[in-house]
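Heads up: the structure comes next, in structure tokens.
In the working numbering, the protein residues as written are 373 to 689.
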């Protein structure tokens with residue numbers, strides 16, 4: 373015969389369930405993200421780090437368990453093709469990111485005014501971003517063609533000789549940067565526009581009453597109020613430029629597109645990693661390049677954050 377529970381213990385059950393639900397529900401809600409991140413993000417990162425310490429090659433049986441320590445990183449330090457890829461990645465990133473964000477800021481400022489059909493214009497600004505990178509790059513390859521490209525045709529109208537955009541370092545950087553800028557300017561413009569619409573309109577009215585021009589309002593109100601948004605786009609664009617892969621891969625029309633041109637003149641870090649993995653099947657060395665690229669991205673993000681904090685400190689003082 374079971375004894376009945378005391379009334380106090382029976383009444384405490386809903387309270388315990390409520391506490392468990394209050395404390396445990398947030399963890400249950402965020403758990404799927406961390407599970408997915410652990411399986412598809414953290415585990416590949418850790419495993420790639422382990423592979424980078426091995427001499428794993430597809431043409432060497434049993435090499436997947438050959439531990440070589442830091443030998444791959446030492447070889448990477450003395451690899452001229454790696455440093456060439458670093459130079460190309462940073463060069464293309466600077467040429468594409470800076471004009472892209474400046475154009476996006478200007479486009480967002482124009483879209484912030486009351487225009488006819490501005491909803492349709494905003495949708496049109498985003499169209500380049502939703503277009504396939506393969507389709508966009510193939511079209512731009514035709515535009516930058518040496519003999520029959522429209523860009524060279526336009527340059528010929530002003531007396532400039534035909535340019536072989538793929539052959540030179542600077543010319544290939546510029547061509548690829550144009551593709552990247554065309555694809556991502558509208559995306560960043562909409563982010564800036566969302567930030568601008570959160571700025572109180574009374575600030576602009578007060579500035580207009582004080583006689584401030586639109587340019588002065590933009591410089592003294594819009595840009596300072598958008599500083600967190602600008603920092604976000606700078607970091608995201610920096611990460612994206614350091615991971616650039618599709619545009620330089622498809623821009624190369626040779627039989628080995630992963631080389632980034634005949635002289636590796638536009639081979640980025642992502643292209644070089646892919647070339648070592650899937651063309652030369654050096655899994656250990658390719659993993660070391662991936663971790664080096666991760667370190668470079670982390671360094672650039674840290675520099676951006678430090679610069680942003682110092683700017684905040686200057687403004688506060």
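In this text, a Cβ means the ideal position worked out from N, Cα and C, and glycines have one as well.
Counting along the chain, the unbroken alpha helix (DSSP H) around residue 476 starts and ends at 452 to 483.
Contact annotation: residue 643 and residue 621 have beta-carbon atoms nearer than 9 Å. Using a 10 angstroms sphere on the CB of residue 438, the tally of other CB atoms stays under 16, which defines it as exposed. In this structure, DSSP gives residue 649 a helical state, which the three-state scheme calls helix. Look at residue 439 here: in three-state DSSP terms it is strand. Between the region 659 to 666 and the region 561 to 569 there are fewer than three C-beta pairs closer than 8 Å, too few to call the two in contact. Between residue 509 and residue 401, the beta carbon gap of about 40 Å keeps them out of contact (Cβ cut-off 8 Å). For residue 426, the pairing in a beta bridge is given by DSSP as 439.
In the structure shown, the three-state DSSP call for residue 571 is coil. The C-beta distance from residue 545 to residue 633 rounds to 11 Å, too long to meet the 8 Å contact threshold.
Taken through DSSP and simplified to helix, strand or coil, residue 541 comes out as helix.
Pairing residue 614 with residue 461 gives a Cβ-Cβ distance under 9 Å.
Taking C-alpha positions only, residue 457 is separated from residue 645 by approximately 10 Å.
In the DSSP assignment, residue 515 falls within the alpha helix (DSSP H) that extends over 505 to 515. About 4 Å separates the beta carbon of residue 467 from that of residue 549, a gap short enough to meet the 8 Å contact definition. In summary, residue 591 is exposed, with fewer than 16 beta-carbon neighbours lying within 10 Å of its beta-carbon over all protein chains present. A contact is defined here as three or more CB-CB pairs under 8 Å, and the region 416 to 434 meets this definition with respect to the region 645 to 657.
DSSP places residue 578 in the helix class (H, G or I) of the three-state scheme.
Only buried fits residue 555, as 16 or more other CB atoms lie within 10 angstroms of its CB. The shortest CA-to-CA distance from residue 631 to any of 412, 454, 444 is the one to 454.
Assigned with DSSP and collapsed to three states, residue 625 falls in coil, not helix or strand. For residue 504, the closest alpha carbon among the candidates 648, 649, 668, 618 is that of 618. In this structure residue 440 does not touch residue 557 by the C-beta definition: roughly 44 Å separates them, more than the 8 Å allowed.
The C-alpha of residue 568 is placed about 15 Å away from the C-alpha of residue 475. Taken through DSSP and simplified to helix, strand or coil, residue 634 comes out as coil.
Rounded to the nearest whole angstrom, the CA to CA distance from residue 473 to residue 582 is 30 Å. In the DSSP annotation of this structure, the continuous segment of the alpha helix (DSSP H) that includes residue 610 starts and ends at 599 to 614. Cα atoms of residue 465 and residue 580: separation of roughly 38 Å, rounded to the nearest angstrom. A contact between stretches requires three or more CB pairs, one per stretch, nearer than 8 Å, and the region 591 to 602 meets this requirement with the region 570 to 580. Taken atom to atom, the span from the alpha-carbon of residue 443 to that of residue 471 is near 39 Å. According to the DSSP assignment, residue 499 belongs to the alpha helix (DSSP H) that extends over 490 to 502. Where residue 535 is concerned, there is no enclosing alpha helix (DSSP H), because DSSP gives it neither an H nor an E.
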